[in-house]
Amino acid sequence: MMEKNKKRHTILVIEDEEPILRVIIEKLSLHNFNTITAGTIEDALNTLQDEARIDAVWLDHYLPGGKSGIDFVRAIKKSVVWKHLPIFVVSNTAGKDKIKQYREMGITQYFVKVENHLGKIVEEIETYLKQAV
Numbered sequence: 001m002m003e004k005n006k007k008r009h010t011i012l013v014i015e016d017e018e019p020i021l022r023v024i025i026e027k028l029s030l031h032n033f034n035t036i037t038a039g040t041i042e043d044a045l046n047t048l049q050d051e052a053r054i055d056a057v058w059l060d061h062y063l064p065g066g067k068s069g070i071d072f073v074r075a076i077k078k079s080v081v082w083k084h085l086p087i088f089v090v091s092n093t094a095g096k097d098k099i100k101q102y103r104e105m106g107i108t109q110y111f112v113k114v115e116n117h118l119g120k121i122v123e124e125i126e127t128y129l130k131q132a133v
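Read in order, the letters of the sequence shown correspond to residues 1 to 133 in full-length UniProt numbering.
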């Protein structure tokens, strides 16, 4: 049962593969998250400019237009407004160098899709946001 005054967190989901995006949105909705979606870095940055309240980002590494999640993180970390926004990278890229690069850039957590059940990822995000309040 949902608490009456429970705050609904809003997650910006940056994912370009529609079938995967639908599953992510469904799972986040089941956990009482609001979702806003973007398929490209440009869309995501525009969304951040337009939206007053985004609590965290779900970020895929591989994105269209020759861009990656690293490009998004670089842009966010330059922003006074958004540099502290929690970023959860969820990708099939499991290279230690790539993961290390993301962590050094200040992301919140990195999940390798094939090593983590979707429900576990959502629960980790939920736990983080509850503790951050």
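Every residue, glycine too, gets a C-beta built ideally from N, C-alpha and C.
Skipping 5 residues on each side, what residues in its chain have a beta carbon closer than 6 Å to that of Gln-109? Closer than 6 Å at the Cβ level, and outside the excluded window around Gln-109, lie Phe-88.
When burial is assigned at 16 or more other CB atoms within 10 Å of the CB, is Gly-69 buried or exposed? The residue in question, Gly-69, is buried, as its Cβ has 16 or more Cβ neighbours within 10 Å.
Close-in-space but distant-in-sequence residues of the same chain around Asn-34 (CB under 6 Å, 5 per side omitted): Once the five neighbours on either side are set aside, the close Cβ partners of Asn-34 are Arg-8, Thr-10.
Taking 7 Å as the limit between beta carbons, can you name the residues of its chain near Gly-106, skipping five residues before and five after? Correct list, in chain order: Lys-77.
Selection from Gln-49, Asn-92, His-84, Gly-119 that minimises the alpha carbon distance to Ala-132: For the residues Gln-49, Asn-92, His-84, Gly-119, the minimum Cα distance to Ala-132 belongs to His-84.
Under 8 Å, do Asn-92 and Lys-113 count as touching if we go by C-beta distance? The criterion of a C-beta distance shorter than 8 Å is satisfied by Asn-92 and Lys-113.
Rounded to whole angstroms, what's the CA-CA distance from Leu-21 to Asp-60? Just pull it up for me. Near 10 Å, if we compare the C-alpha coordinates of Asp-60 and Leu-21.
Going by DSSP, what residue range makes up the alpha helix (DSSP H) through Phe-72? Here the alpha helix (DSSP H) through Phe-72 covers 69-77.
Do Leu-63 and Asp-16 have their C-beta atoms closer together than 8 Å? Yes, Cβ-Cβ distance for Leu-63 and Asp-16 is below 8 Å.
Under the three-state DSSP convention, the category Ala-44 falls into: Helix, per DSSP.
Given a cut-off of 8 Å, decide if Leu-129 and Asp-55 are closer than it, judged by their beta-carbon atoms. Judged by beta-carbon spacing, Leu-129 lies within the 8 Å limit of Asp-55, meaning their Cβ atoms are closer than that value.
Going by the beta-carbon positions, is the gap between Val-13 and Thr-37 smaller than 8 Å? In contact: Val-13 and Thr-37 (Cβ atoms closer than 8 Å).
Going along the chain, which unbroken runs of the beta strand (DSSP E) with 3 or more residues stay wholly within the UniProt domain "Response regulatory" (10-128)? For the UniProt domain "Response regulatory" (10-128), the full-length beta strand (DSSP E) segments reaching 3 residues or more read 10-14, 34-38, 56-59, 87-91, 109-112 along the chain.
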